[in-house]
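To keep things clear, I will list the structure first and then write my remarks on it.
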Amino acid sequence: LHSTRRRQRPMGISDSVRNALQALGPEGGEITLRTRTAFQLTLHGERYRLAARIDVEDNGPGIPPHLQDTLFYPMVSGREGRTGLGLSIARNLIDQHAGKIEFTSWPGHTEFSVYLPIRK
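This is how it looks when you write it as structure tokens:
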């Protein structure tokens, strides 16, 4: 089970990158991927001395305001013909690792941040 979870862990990040690529569309744009360490972070009520933070940022059109409150729900998508399962699954997997995913978005900017605990 533990090794299976390790293989699943990158899905939240790869899903965020895929969404960023799709948001930019054929016009292109810029995607920035940042990694860093976070110290003394509280996740789901637990305090961790050390955590990894991974940010995926793009300069696409942004997430429409009417989708922002439900973006991580299953079957919610801003794109025609999409299932809307990717971010829901990613959040579930990140939660299974006691992590957290959040985002900020406005026109011309979207940033997803994933936090994964390393040490209590």
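Residue numbers for the sequence shown follow our numbering, so the first one is 329 and each next one is one higher.
Cβ coordinates follow ideal geometry from the N, Cα and C atoms, glycine included.
The alpha helix (DSSP H) runs of length 4 or more contained entirely in the stretch 347-404 are, from start to end of the chain, 393-396.
Taken through DSSP and simplified to helix, strand or coil, L444 comes out as strand. E430 has its alpha-carbon roughly 7 Å from the corresponding atom of V442.
F440 counts as buried, since no fewer than 16 other beta carbons sit within 10 angstroms of its beta carbon.
Taking L395 as reference, the option from D423, I359, A380, L415 with the minimal CA-CA separation is L415.
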